[in-house]
Amino acid sequence: MKIKELQERYGLKTRQSIYDWIKAAKITLPKDDRGHAYATPEQIEVLDQLVEHLKQGGTLGSFTPVSSPEIYTTADSQIDTSEPSTVYQIVDTVNSTEDSPMVMLERLVGVIVSNIQPRSPLWFHDELEKAAKQGWILSSSEVEALIGIKPKGEIFHRGGWEFVRAGKIGNQGAWKVNKLEL
Numbered sequence: 042m043k044i045k046e047l048q049e050r051y052g053l054k055t056r057q058s059i060y061d062w063i064k065a066a067k068i069t070l071p072k073d074d075r076g077h078a079y080a081t082p083e084q085i086e087v088l089d090q091l092v093e094h095l096k097q098g099g100t101l102g103s104f105t106p107v108s109s110p111e112i113y114t115t116a117d118s119q120i121d122t123s124e125p126s127t128v129y130q131i132v133d134t135v136n137s138t139e140d141s142p143m144v145m146l147e148r149l150v151g152v153i154v155s156n157i158q159p160r161s162p163l164w165f166h167d168e169l170e171k172a173a174k175q176g177w178i179l180s181s182s183e184v185e186a187l188i189g190i191k192p193k194g195e196i197f198h199r200g201g202w203e204f205v206r207a208g209k210i211g212n213q214g215a216w217k218v219n220k221l222e223l
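So this is what it looks like as structure tokens:
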């Protein structure tokens, strides 16, 4: 279908509008013997998808073409149908290769689930203990991730821990962690 016919089909007044649509659809029009651009049936299908996208309130910039599924009508290899066992072997092979990604995914999920251990409600104490022993300086966001609240002031106490302001890390406060002896 030529550019002029595309303009008529989609009710567009200018050739530039068609070119904008073609760019948004991410397609390249082939040219005929005389050098005139035309759209193939597959490209027209993509442009029809664009029309639907625009009708639903979308924009040219937000359009993503959806490719239609390909249907294969020829076999990749010949199957000897005279021997039934050959047919069954090939069917079993095809089924096992199609199922293998799903089976592998199920196994992987099973392994992950079996290795997930629920976090102890006291896990943050272990992390703070490590930070205190090693003399690590934590940022305000790191402290907040551990204790659930951002420390304020020069010295901040929370749950048996003391956080002493130690300058800055980037645009955040830096905190030295000390364990309080109760």
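Heads up: the sequence shown begins at 42 in my numbering, then just goes up one per residue. All residues carry an ideal CB built from backbone N, CA and C; glycine is no exception. Bear in mind the structure is a predicted one, so any value in this text is a computation, not a measurement.
Have a look at the options and flag the residue whose alpha-carbon is nearest the alpha-carbon of residue i.
i             : options                        : result
alanine 186   : Lys174, Phe165, Glu203, Val107 : Phe165
valine 92     : Arg148, Asp73, Ala66           : Ala66
leucine 101   : Arg148, Pro192, Ile63          : Ile63
lysine 171    : Lys220, Ile196, Pro142         : Lys220
glutamate 168 : Val87, Ile153, Trp202, Val144  : Trp202
glutamate 46  : Asp74, Ile68, Thr81            : Thr81
valine 205    : Gln213, Arg75, Pro192, Gly211  : Pro192
Which residues does DSSP pair with residue i in a beta bridge?
i            : result
arginine 199 : Trp202
serine 72    : Correcting the residue type first, residue 72 is lysine in the shown sequence and not serine. Lysine 72 pairs with Ala78.
lysine 209   : Gly214
Tell me, to the nearest whole angstrom, how far the beta carbon of residue i is from that of residue j; I am working on the premise that it is less than 8 Å.
i              : j          : result
histidine 77   : lysine 54  : Incorrect: roughly 20 Å between the Cβ atoms, too far for contact.
isoleucine 178 : lysine 217 : 6 Å
Starting from residue i, trace the beta strand (DSSP E) in both directions and tell me its first and last residue.
i              : result
glutamine 213  : 213 to 220
isoleucine 157 : From DSSP, isoleucine 157 is part of no beta strand (DSSP E); its letter is neither H nor E.
isoleucine 188 : No beta strand (DSSP E) contains isoleucine 188, which is instead part of the alpha helix (DSSP H) from 181 to 188.
Looking at the unbroken alpha helix (DSSP H) that takes in residue i, where does it start and where does it end?
i                 : result
isoleucine 59     : 56 to 65
isoleucine 44     : 44 to 51
leucine 88        : 82 to 96
phenylalanine 165 : 164 to 175
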